Amino acid sequence: MNKVLLALALFAVSWSANAVTLVLVSHQTTAQGGVASLYTNGETITGGASTAIWSWDGTILSSTGLYSATSAIHPGSTILSDQITDLNIDTSTSSAGGTAAYACLEGTFLAGVANNGCGGYAWGTNGIDESSVSYGPGLTASLTLGGDDTPAGALRTIAAFDYGLDGVTGTGLALGDAVYIGTGIALGSTGGERMTFTVVPVPAAAWLFGSALGLLGWMRRRAA
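Heads up, the sequence shown is in the working numbering, so the first residue is 393 and it goes up one at a time.
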């Protein structure tokens, strides 16, 4: 019995130190002067469905699993897809450097205008993509320009998710509160990006813990 109580006590300590659980409502970005929502559930031909489970402690947004976020003209015409394993954003420093792994998948649209979005370069006058982009292990990324290809932006890396806290409703830690993580730039303005989350009930494990404590109390009363 003592071992069971100890295990439950340790669980209680670890759980109380954990963040609240969030669900992603939307991930929006500014596109051509308007606001577009990224695809995160595998609806597009580039990038799969997200499996990320989100948590928040008031400062750090963290996730377990894959976060797949795809920008697209429509599901059949994609620009690029961010593939992120265990995304971790410290909003106090606006840094996603604690993330486990990142890769960018090139979509189908930009090839039609002789550009590469993940690599941030334009094809040369010969109309051939002669450069290469690679990701991994972890957060490493590299671009090798070839032929007459030229830079037309920056290599996309996890730094694209160096977001800060844009605001909360309530405390941001209570059931139903909203949490806004983004660039701090208004949506619709150049550079504006925002992830919107809602605080949801704790996972089933916490309810099981509470039930287990009640059961143990009942057992101890019977034993007495």
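Idealized CB from N, CA, C, for every residue including glycine. Computed from a prediction, not measured in an experiment: that's the story for all the values here.
Does DSSP classify residue i as helix, strand or coil?
i    : result
I550 : helix
A503 : helix
T532 : coil
T575 : coil
G562 : coil
S473 : strand
L414 : strand
S524 : strand
P467 : coil
L497 : strand
G518 : What sits at residue 518 in the sequence shown is Asn, not Gly. Coil.
Q424 : coil
L557 : strand
A570 : strand
S487 : strand
S429 : strand
A597 : Bear in mind that the predicted position of A597 carries a pLDDT of just 43, short of 50, making it unreliable; the figure below should be weighed with that in mind. Helix.
D482 : strand
T542 : strand
T582 : coil
Beta carbon of residue i: closer than 7 angstroms to some heavy atom of the ligand ZN?
i    : result
V412 : Of ligands this structure carries none, so the ligand ZN is not represented either.
Can you list, in chain order, the residues of its chain whose CB lies under 7 angstroms from that of residue i, leaving out five sequence neighbours each side?
i    : result
D449 : A411
E498 : L472, N508, G509, C510
A506 : A514, W515, G519
I578 : Going by the sequence as given, residue 578 is Ala instead of Ile. Result list for A578: G584, in chain order.
L558 : Inspection of the sequence shows that residue 558 is occupied by Asp rather than by Leu. Closer than 7 angstroms at Cβ, skipping near neighbours: Y572, I573, G574, G576, R586.
V594 : T413
F501 : I465, S469, T470, I471
Here's a check: name, in chain order, each residue in its chain whose Cβ is nearer than 8 angstroms to the Cβ of residue i, leaving out the five neighbours to either side.
i    : result
T428 : It is Ala, not Thr, that sits at residue 428 in the sequence shown. Correct list, in chain order: Q420, T421, T422, S463.
G518 : Reading off the sequence shown, one finds Asn at residue 518, where the question assumed Gly. Closer than 8 angstroms at the Cβ level, and outside the excluded window around N518, lie G539, D540.
Who are the near neighbours of residue i in its chain, counting only those whose CB is closer than 6 angstroms to its CB and skipping five residues on each side?
i    : result
E585 : T421, G574, T575
E435 : P467
W599 : Caution applies to W599, whose pLDDT of 42 falls short of 50 and renders its modelled position unreliable; the value that the coordinates give is listed next. Contacts found: none.
V396 : Summary for V396: the model assigns pLDDT 42, below 50, so the residue's position carries little reliability; its value from the coordinates is reported in the next sentence. Contacts found: none.
S534 : S526
G564 : V571
T550 : Before going further, note that residue 550 is Ile rather than Thr in the sequence given. Result list for I550: A488, T491, Y494, L531, in chain order.
Is it the case that the Cβ atoms of residue i and residue j are separated by a distance below 8 angstroms?
i    : j    : result
I437 : T470 : yes
T542 : G516 : yes
S460 : G440 : yes
T590 : L453 : no
W493 : G528 : Trp is not the amino acid found at residue 493; the sequence shown has Ala there. The answer is yes: Cβ separation under 8 angstroms.
D554 : A488 : yes
G556 : S486 : yes
S442 : L458 : yes
Since residue i contacts residue j with CB under 8 angstroms, what's their CB separation in whole angstroms?
i    : j    : result
G580 : G426 : 7 angstroms
D482 : T456 : Contact flag wrong, Cβ pair sits at about 16 angstroms.
T588 : S484 : So it is not a contact: roughly 20 angstroms between Cβ atoms.
G512 : R548 : 7 angstroms
D478 : A552 : Not a contact, Cβ separation roughly 16 angstroms.
L537 : S526 : About 13 angstroms separates the two Cβ atoms, so there is no contact after all.
T561 : A570 : 4 angstroms
- Within the stretch 432-465, note down every full beta strand (DSSP E) run reaching 3 residues or more, in order along the chain. 445-448, 452-456
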